[in-house]
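Here is the structure we will look at.
2 protein chains.
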Amino acid sequence: MSASTENFLKTIYCFQKLEARDTKPGSIAKALGISNAAATDMARKLSEKDLLEYRKYQALQLTPKGERLALQVIRKHRLWETFLYRTFNMSLLEIHNEAELLEHATSDRMSEILWNYLEKPSFDPHGDPIPNGYGFVDFEKDSTVLFKAEEKQEYRIIRLVSNDEEFYNFCCDNKIEIGNDIKVAKQYSKNQLTEILIHERQIVIPKEFSNNIYVTKVNDQ
Amino acid sequence: MSASTENFLKTIYCFQKLEARDTKPGSIAKALGISNAAATDMARKLSEKDLLEYRKYQALQLTPKGERLALQVIRKHRLWETFLYRTFNMSLLEIHNEAELLEHATSDRMSEILWNYLEKPSFDPHGDPIPNGYGFVDFEKDSTVLFKAEEKQEYRIIRLVSNDEEFYNFCCDNKIEIGNDIKVAKQYSKNQLTEILIHERQIVIPKEFSNNIYVTKVNDQ
DNA sequence: TAAAAGATTTAAGCATACTTAAATATTAAT
DNA sequence: ATTAATATTTAAGTATGCTTAAATCTTTTA
Chain A
1 MSASTENFLK
11 TIYCFQKLEA
21 RDTKPGSIAK
31 ALGISNAAAT
41 DMARKLSEKD
51 LLEYRKYQAL
61 QLTPKGERLA
71 LQVIRKHRLW
81 ETFLYRTFNM
91 SLLEIHNEAE
101 LLEHATSDRM
111 SEILWNYLEK
121 PSFDPHGDPI
131 PNGYGFVDFE
141 KDSTVLFKAE
151 EKQEYRIIRL
161 VSNDEEFYNF
171 CCDNKIEIGN
181 DIKVAKQYSK
191 NQLTEILIHE
201 RQIVIPKEFS
211 NNIYVTKVND
221 Q
Chain B
1 MSASTENFLK
11 TIYCFQKLEA
21 RDTKPGSIAK
31 ALGISNAAAT
41 DMARKLSEKD
51 LLEYRKYQAL
61 QLTPKGERLA
71 LQVIRKHRLW
81 ETFLYRTFNM
91 SLLEIHNEAE
101 LLEHATSDRM
111 SEILWNYLEK
121 PSFDPHGDPI
131 PNGYGFVDFE
141 KDSTVLFKAE
151 EKQEYRIIRL
161 VSNDEEFYNF
171 CCDNKIEIGN
181 DIKVAKQYSK
191 NQLTEILIHE
201 RQIVIPKEFS
211 NNIYVTKVND
221 Q
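Here it is in structure tokens:
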């Protein structure tokens, strides 16, 4: 699959499922910086490959096959973003631009290596969810924000969402990473501080950060 | 610059400067898996862009501009190889295949980030030098291919290059690794076999493999 | 509801990067 | 030195991914 095709499918997916925007060829064309004619042409070709449904003058709809491919590209994009952010401390803008290139040059094996190396992240540094091959990972139903977690209870970190660079630096410095287990030592309610145990270390987290850390209870057996 | 152009220039560079092989369109075509006609066509087009010199029925020669571009692509390739090897412990074959994709989706900024992160490496995991944009950092001058090494002489392995999975498996199984010292026991010239001593063990290496193992004399002092 | 405005599609054309088949030049062999 | 074998080039054609311009359809609005 060419980069053009991948970007086309990706854009339709984002417009349709994530942003509830119009998916007629013209809208996609504008987003991709190509002419309407090119987008119509692409739509016709991709519908012949059973990647999307196209009827004249109608909005484009991804087929299950097209949706799967779109999700794989988005997955690669967000894995690279996560990786570049954590490994090289690149800015949120930079990781996007580099991932935009790398996503088309990434084998399935490479994306699985990234996924495991990053400890199966659920969200990229922008707070966008990372799909697996079939769709988005299920949001944990019983997730809480660390700020509201119970004392003496063990949790697993499942989500880190913020637009704040310092938040991510803080998480990185303190090994607050998705998949890691912690124990809530104490909630200093009045001062809105949460004291946790992570990797044998005790740290105190202010509300500004604990509100962006999503956790789920770990049931010991 | 397209991936096709990058691969074309890269191949000419490697043939011309590193492997002393013929650089007529036919040879390049074979290496890239395209038809002779396509290679001739490409040569004509790239010569119009002043990336190489092309005269009918003659070998292709990179211009300074073409050489600079080739070096940048090779640099990106080898930086990715080094990175993938160190970070993910991928095999020598895998890093080559992934780098082959990534090299064309790498911004100059990205390659500088890699270069600094890796602490300005001079060689990739295969033992190949990493060019700096103007040319290669000092190369081992007195390197030979094991196939042509002298009998009774001690050598150090400095480079392993191949596209063949079995070659790397063979090296791995027999502890043929960069930095290891060996002694050439005998050259069976007629049958193109090289017998070496490595880690107290004697092994016989056929030409297909010994041609991909680069060594340099070890001067005992 | 009918015309004007706005989108979409079709048509024709271009550049890239290939293909196969035929023509032509080079190299090797007798 | 010819001829045969081999390699290169030219020619014609294809698929992709675009372009602009004209034709057609949809939507707006008066």
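Protein sequences, first through last, are from chains A and B.
Sequential numbering from 1 applies to the first sequence in the working numbering.
Sequential numbering from 1 applies to the second sequence in the working numbering.
C-beta: ideal position from N, C-alpha, C; glycine also.
It should be emphasised that the depicted structure is a prediction, and the values quoted were computed from it without experimental measurement.
| query | If you run the structure through DSSP and keep just helix, strand and coil, what is A:ARG109? | reply | helix
| message | Run through chain A and tell me which residues come within less than 7 Å of B:MET110, C-beta to C-beta. | response | GLU98
| request: Output, in chain order, the set of chain B residues within a Cβ distance shorter than 7 Å of A:ALA105. | output: LEU101, LEU102, HIS104, ALA105
| In terms of residue numbering, what span does the alpha helix (DSSP H) encompassing A:ASP41 cover? | 36 to 48
| message | Please state the DSSP three-state secondary structure of B:GLN221. | response | The pLDDT assigned to B:GLN221 is 40, lower than 50, so where the model puts this residue is not dependable; a value taken from the coordinates is nonetheless given after this. Correct three-state label for B:GLN221: coil.
| said: Taking 7 Å as the threshold (beta carbon to beta carbon), is A:PHE88 in contact with chain B? | reply: yes
| Helix, strand or coil at B:ALA185 according to DSSP, with G and I counted as helix | strand
| query | Between the C-alpha atoms of B:ASN7 and B:LEU84, what's the straight-line distance to the nearest angstrom? | reply | 20 Å
| query | Three or more beta-carbon pairs under 8 Å between the segment 173 to 192 of chain B and the segment 100 to 119 of chain B, yes or no? | reply | no
| said: Against chain B, does A:ILE113 count as a neighbour if the rule is that its beta carbon must be under 7 Å from one of theirs? | reply: yes
| task | Compute the Euclidean distance between the alpha carbons of B:GLN221 and B:THR40, then round it to the nearest angstrom. | result | Residue placement at B:GLN221 is flagged as unreliable, the pLDDT there being 40, under the threshold of 50; a coordinate-derived value is accordingly withheld.
| beta strand (DSSP E) containing B:GLU208: first to last residue? | Note, B:GLU208: premise wrong, no beta strand (DSSP E); alpha helix (DSSP H) at 207 to 210.
| query | Which chain A residues are close to B:TYR117, counting only those with a beta carbon under 9 Å from its beta carbon? | reply | THR87, PHE88
| message | Looking at the secondary structure, which residues open and close the alpha helix (DSSP H) in which A:TYR13 lies? | response | 3 to 13
| query | Excluding sequence positions up to five away, which residues of its chain have a Cβ less than 8 Å from the Cβ of B:LEU101? | reply | none
| Which of the three DSSP states, helix, strand or coil, is assigned to B:SER162? | coil
| task | Tell me whether B:LEU62 is buried or exposed, calling it buried when 16 or more other Cβ atoms sit within 10 Å of its Cβ. | result | buried
| message | Measuring alpha carbon to alpha carbon, tell me which residue in B:ALA59, B:SER143, B:ARG159, B:LYS65 is nearest B:ALA26. | response | A quick correction: the sequence has Gly, not Ala, at residue 26 of chain B. Closest option to B:GLY26, Cα to Cα, is B:ALA59.
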